[in-house]
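Notes follow once the structure below has been shown.
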Amino acid sequence: METRVHLLKSMKDLNGMDPRSVDIFQTGLLDHYINRPTTQYFKKMCLAFFASHYTYSKRICNKGRKEFSDYEENAVDDMNDNSNWIKLINDLGYIRRRRKAKVIRFCRFNLAETGEDFYREQLMLYCPWRNEYEDLTFLGGDREFDLLLETVREAHEEANRAESHNIGHQPLNEFEFDEQIGDVMDDIIPGASASTPPIHAFISGGTGVGNSVYQSVSHVFNREAGSNPDDIRILLCAPTGKAAFGIGGQIIHSAFALPVSQAGYSMPNLSASVSNTLACKLAKLKLIIIDEISMVGARTFHQINLRLQQIFCTHEYFGGVSVIVVGDFRQLPPVGDNWIFQPNHSRNPLASLAGSPLWELFKFFELKTIMRQRSDAPFAIALNNIASGTMTDNDLLLMKARCFKQEDIPPGAVHLFHSNKHTCAYNELVLGKMKPEGAIVIALDEVFGEPNISAKHKALQNVALLPTSQTYGLPHKLLLKVDARYMPPSLH
2 METRVHLLKS MKDLNGMDPR SVDIFQTGLL DHYINRPTTQ YFKKMCLAFF
52 ASHYTYSKRI CNKGRKEFSD YEENAVDDMN DNSNWIKLIN DLGYIRRRRK
102 AKVIRFCRFN LAETGEDFYR EQLMLYCPWR NEYEDLTFLG GDREFDLLLE
152 TVREAHEEAN RAESHNIGHQ PLNEFEFDEQ IGDVMDDIIP GASASTPPIH
202 AFISGGTGVG NSVYQSVSHV FNREAGSNPD DIRILLCAPT GKAAFGIGGQ
252 IIHSAFALPV SQAGYSMPNL SASVSNTLAC KLAKLKLIII DEISMVGART
302 FHQINLRLQQ IFCTHEYFGG VSVIVVGDFR QLPPVGDNWI FQPNHSRNPL
352 ASLAGSPLWE LFKFFELKTI MRQRSDAPFA IALNNIASGT MTDNDLLLMK
402 ARCFKQEDIP PGAVHLFHSN KHTCAYNELV LGKMKPEGAI VIALDEVFGE
452 PNISAKHKAL QNVALLPTSQ TYGLPHKLLL KVDARYMPPS LH
């Protein structure tokens with residue numbers, strides 16, 4: 002309470018007050034909620050519902066007059082002309098029902114670090130009260146809070162069903178989804194309910210689709226009133242560090258504790274302590290979004306399924322969690338693995354008969370708009386045509402207009418190459434031109450177990466000659482220069 006921010010009244014109001022008065026602050030949202038009408042409907046209303054569904058004004062007014070409080074910035078465009086103004090008690094002003102509920106913002110205290118503030122915030126938002134000190138201070142501990150919060154949740158859900166304001170049943174256009182994303186949401190939204198089977202969807206599209214999908218589904222899967230904001234409900238992941246960074250997620254191998262190995266479909270089980278840690282961490286997980294799915298091989302996909310089954314102690318596919326995969330199969334393929342939809346004939350000659358059971362779970366959706374370049378339609382169309390091998394003359398002219406001679410390229414510009422060989426050659430060229438002193442670092446390889454001396458020596462020689470594609474991007478010899486930039490390729 003001591004850290005709340007209050008706005009002083011205007012100088013005109015302060016000059017007209019008794020010098021001994023301590024009533025120097027403007028009224029705000031909490032004051033309006035405390036002074037809501039005393040009818041049964043408002044008596045049972047929680048602060049979160051009041052803040053999102055009602056507009057405040059000092060006096061009865063129409064759209065032509067702007068008398069709204071600061072926290073109702075866009076209220077004038079959202080007024081329902083058919084509703085009536087409702088007077089607050091103690092002559093504090095008037096409120097009126099909004100046509101569209103607005104998103105409310107609050108502190109989201111951490112349960113582990115500030116448990117007392119976390120519980121107080123949850124009670125203030127979702128438990129009806131009129132006197133904060135008397136109604137919310139002496140309720141007891143965690144157990145009493147959980148019982149009370151469960152009652153509030155049930156009452157809130159019942160009110161939502163009765164008044165058709167449940168966000169899960171709101172028309173999609175209320176969320177203002179992108180037109181294409183909205184079509185996908187029709188199928189995805191039912192999966193957010195615990196009473197419906199998990200969803201499995203493959204959303205095919207160009208660059209930027211992963212972020213667009215996450216921003217859309219987060220409205221649906223992160224909407225439970227009174228839930229702990231620190232719980233992981235949506236897990237974002239991708240096969241590479243750069244792709245994971247782009248969506249604010251994790252690398253697949255790190256997220257699911259997968260083995261960093263390219264040999265076989267077998268996967269060692271987690272220790273009991275690690276499995277229990279992951280089970281607690283992902284206890285509230287509802288949805289997994291995997292971006293750049295073209296780079297995820299059939300073996301890795303199989304391992305993700307096994308790991309989730311182990312963590313959640315179930316034989317359901319993916320541990321009973323909804324999964325959305327996003328990407329374009331015209332982009333990069335998996336390294337050292339089959340396409341995610343291909344049966345593994347090398348492991349089982351009869352695999353074609355069984356097909357790919359995991360992949361066959363997924364329903365296909367296609368987004369034709371390239372989200373990242375949608376403001377530049379010709380370029381976006383040309384990118385798609387390159388991927389499909391259907392470039393037009395206009396596409397060729399567009400690309401040629403963006404070609405430069407080597408001497409015209411600015412120093413320090415990022416270069417992209419189609420192979421590791423060309424990448425390494427260019428990196429060595431740039432490092433060779435750098436004047437600062439440097440050093441050559443040789444990788445220290447070790448052989449585990451107890452092989453004989455000759456076998457150990459031969460293994461080390463073979464490893465030194467392996468390409469980086471077989472050593473997870475780690476070179477045997479690395480040239481280091483002062484002020485040069487390096488990107489660590491390790492998965493952990």
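The end of the sequence shown is residue 493 by our numbering, with every number in the run present.
From the three backbone atoms N, C-alpha and C, an ideal C-beta is built for every residue, glycine too.
- Straight across, the Cα-Cα distance linking Asp338 with Cys404 is about 34 Å.
- Collapsing the DSSP output to three states places Ala414 in coil.
- Excluding five sequence positions before and after Gly433, none of the CB atoms of its chain fall closer than 7 Å to its own CB.
- Exposed is the label assigned to Asp14, since fewer than 16 other Cβ atoms lie within 10 Å of its Cβ.
- Within the stretch 298–333, the runs of alpha helix (DSSP H) that reach at least 4 residues and sit entirely inside it are, in chain order, 299–312.
- Closest in alpha carbon position to Val483, among Ile289, Glu122, Gly439, is Gly439.
- When secondary structure is reduced to three states using DSSP, Cys238 falls in the strand class.
- Burial is judged here by how many other beta carbons sit within 10 angstroms of a residue's own beta carbon; Tyr42 has fewer than 16 and is exposed.
- The criterion of a C-beta distance shorter than 9 Å is satisfied by Ile291 and Cys238.
- Fully enclosed alpha helix (DSSP H) runs of no fewer than 4 residues occupy 421–434, 454–466 of the stretch 420–476, in order along the chain.
- In the three-state reduction of the DSSP assignment, Leu283 falls in the coil class, being assigned neither a helical nor a strand state.
- Per DSSP, the unbroken beta strand (DSSP E) holding Ala202 starts and ends at 201–205.
- Leu259 sits in coil when the DSSP states are folded into three classes, being neither helix nor strand.
- Per DSSP, the unbroken alpha helix (DSSP H) holding Tyr127 starts and ends at 116–127.
- Residue state for Ser53 is assigned as helix, using DSSP reduced to three classes.
- When Cβ pairs closer than 8 Å are counted between the two stretches, the stretch 313–325 is seen to touch the stretch 281–297, the count reaching three or more.
- Nearest to Lys101 by C-alpha distance, out of Phe365, Gly116, His54, is His54.
- DSSP places Leu48 in the helix class (H, G or I) of the three-state scheme.
- The alpha carbon of Leu368 has as its nearest neighbour, out of Gly206, Leu124, Ser58, the alpha carbon of Gly206.
- For Lys364, there is no enclosing alpha helix (DSSP H); the residue is found in the beta strand (DSSP E) stretching over 364–367.
- Apart from sequence neighbours up to five positions away, the residues of its chain that approach His416 with a beta-carbon distance below 7 Å are Tyr427, ordered along the chain.
- Going by C-alpha positions, Arg121 is about 12 Å away from Trp130.
- Look at Leu137 here: in three-state DSSP terms it is helix.
- Linking Glu135 to Leu31 through their CA atoms gives a straight-line distance of about 15 Å.
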